[in-house]
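Chains as they are written, first to last, in full-length UniProt numbering: chain A, 1 to 381; chain B, 1 to 394.
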């Protein structure tokens, strides 16, 4: 059973609002910059894809992620005609790092921060009157996991409408530990490139309104969610397992009732790390088989950075925009594909007119081997 | 009686709590026996050993301890092993913790400010991600179904139980282990403004399972899950679960619930109350799971014939006659329709059900859940449960 996406919202380093974000990505605009809020001298890595909303360079504020989340949800709710009242609507938020950045500031620097706002329920209640709020902290697939749970609530008939959102900002702990484990600090994210050096984090939020399919509603829908899979590798606490990823891809296609040959576009997870991209390439190659050269493929983290728990939903919104417009943003920095991905039809260097695109697949994988894959479809015209 | 298609039952309970080894031991009202020393911190090594756990944080180790016991209690792992005996993709994990990895985040940020990121231990990397608890439980036991981590404030533990049941009801998995865990350390104490002695250092776990799947493998159900609600306030939440003021058999109150003037409470004064945090400390994201574990203990006691009425502690702090509070007629009529969204009429009278609430009127919301006696298994030859379509594809 499928669901309709009737509203979308996005905030990222490259822009504010779905239209602006999608235009920026298609124009090949990158949000890459030198670290804005952390002390650069403490790291070998110096870059990230941050939202430039701090009062001054080198200073930081609590609650930034919460602000973006509220803006993304507000945009999605308005477009779906829900207005500002979400008192009866479940809101499921997927995040990797919650407001842990604010906790870091509170504990280390004594910055005032209410620890009851580590999760997003209080802020969503204040702004939208929302009480059926659930913050899932499921690493980098969290927002697609939230989408899967929302789809289940609609499928089982428990709900008619659910808001799904994702958000993350850089924490100094995660940025620092990634810096520590990278052998050579990356200066940008280069998904699927042979010479990729690792991941850089990005700021951002994304939100969609998901509605149960009903006659007449489709005309204003942005697209349709056909199915979302979710599983766990249960093998390693940080490294991905190609078998677990392949199972997630296969299950999503099976649930959606599509075959690899039906997929026109793949929004890859594509974090630009050695292990992740190799594992994803192996899984895609295995599931798609001879069809692997069929769909267009792209990975937007080259322009948004890794927006962690929010990244899956941001990719999904981009996929829906691509299906609607036929335009697919490029994978910047991809000079030569990694071994095993030579046959993939990457969109490179500049956006491509993809023609008649109907079905897209969106990948999201996270620490702990948590995988989620969504299959979406263009709304009828 | 056989289980309805959507019924979700509790088939295992596990605890890793100082001084409370069984669900019934959670039905205490003070932190320790009147005489004697405070219980020692829970020794995780005694249950899961030391090997392989060096770099796991305290919350993860506690969660592993509770999960292990719940899985064993549910008969899902052999007595000498840890890998589940059911297919790994038929089982999910839902963990809940608000404070679990706060120390890694804050201490790492402070270490960077003092020196640099180069001096960090790379072994801390997994603990910087809040879902590390759920991940390790999956790895340890080979659980390849959906793996959820709830960090949802005061209601988080009860929300986690709800999502475990939702995964089962939606056919994603046949069963899930739900874990609530919190710990205390310098970071947590500072950010909460509370001393270690006030705070839980422990974990609770439940196995929730589709009734027919439990039955198919001959597992005994300790309780059945009733409706769940998340509402703006305590009164609204209780009214949604128990319309027309039906009286539950017992009420597991929100953490440190202060009884207002007579008649102000949303649950009749005759109903015995328990605040499990009195015994184990403020429990934050672990609370709802601990409450469910305690409610399983209460149901077992009630089912053994003693009933809540025979509980010498029952009703302390409420109506002194509360022991008799299990009025057989109380609310039974209306309870037949005490249903959540879309549920079928309820055959179990309210007086035999446990009402569990987490969060109070100062929280972003209040979550509530009813836990009931498991249906008796009368049918000696349960129909062979058909495979759900998903599993045929594997």
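Where is the CB? At the ideal position from N, CA and C, for every residue including glycine.
Closer than 8 Å to the CB of residue 376 (chain A) there is not a single CB belonging to chain B. Residue 165 (chain A) has its alpha-carbon roughly 9 Å from the corresponding atom of residue 10 (chain A).
Leaving aside the five residues that flank residue 246 (chain A) on each side, the residues in its chain whose CB is nearer than 6 Å to its CB run, in chain order, 283, 286, 287. Taking 7 Å as the cut-off between beta carbons, the residues of the stretch 100-120 of chain B near chain A are 102, 104, 105, 106, 108, 109, 110, 112, 113, 116, 117, 118, 120, in sequence order. Comparing C-alpha distances from residue 110 (chain B) to each of A:84, A:76, A:42, A:144 shows the shortest one belongs to A:42. Listed as beta-bridge partners of residue 331 (chain A) by DSSP are A:348. For residue 292 (chain B), none of the residues of chain A pass the 8 Å Cβ criterion, the least Cβ distance being about 18 Å. The beta carbon of residue 131 (chain A) falls within 8 Å of a beta carbon belonging to chain B, placing the residue at that interface. Taking 8 Å as the CB threshold, residue 187 (chain A) stays off the interface with chain B. In this structure, A:143 is the residue among A:124, A:131, A:33, A:143 with its C-alpha nearest to the C-alpha of residue 309 (chain A). Nearest C-alpha to residue 176 (chain A) among B:128, B:223, B:213: B:128. Looking at the backbone, the Cα of residue 228 (chain A) and that of residue 257 (chain A) are separated by about 11 Å. Interface residue (Cβ-Cβ distance to chain B less than 8 Å): residue 212 (chain A) is not classified as such. Contact between residue 14 (chain B) and residue 205 (chain B) holds: their C-beta atoms lie close to 4 Å from each other, under 8 Å. Annotation for residue 243 (chain A): the continuous alpha helix (DSSP H) segment containing it runs 242-256. Interface flag for residue 122 (chain B) against chain A is set, since a Cβ pair is found closer than 8 Å. In the DSSP assignment, residue 115 (chain A) falls outside any beta strand (DSSP E), carrying neither H nor E. Cβ neighbours of residue 372 (chain B) within its own chain (closer than 6 Å, five residues either side excluded): 224, 226, 348, 353. Here residue 163 (chain A) is not near residue 178 (chain A), since their CB atoms are 8 Å or more apart.
For the options B:23, B:156, B:84, B:175, the alpha carbon positioned closest to that of residue 211 (chain B) is the one of B:175. Contact annotation: residue 66 (chain A) and residue 125 (chain A) have beta-carbon atoms that are not nearer than 8 Å.
Contact of residue 213 (chain B) with chain A by beta-carbon distance below 9 Å is absent, the smallest such distance being about 17 Å. For residue 122 (chain B), the number of other beta carbons within 10 angstroms of its own is below 16, and it is reported as exposed. Proximity to residue 164 (chain B) across B:197, B:146, B:155 peaks at B:146, based on C-alpha coordinates. Between residue 286 (chain B) and residue 161 (chain B), the gap from beta carbon to beta carbon reaches 8 Å or more. Residue 161 (chain A) is a Cβ neighbour of residue 211 (chain A), given a cutoff of 8 Å.
Here residue 212 (chain B) carries a helix assignment [DSSP, helix/strand/coil]. In the structure shown, the three-state DSSP call for residue 93 (chain A) is strand. Bridge pairing for residue 232 (chain A): A:370 [DSSP]. Not one beta carbon of chain B lies nearer than 8 Å to the beta carbon of residue 288 (chain A).
Contact with chain B is absent for residue 54 (chain A), since none of that chain's Cβ atoms lies less than 8 Å from the residue's Cβ. By the neighbour-count criterion, in which 16 or more other beta carbons inside 10 Å mark a residue as buried, residue 81 (chain B) falls on the exposed side.
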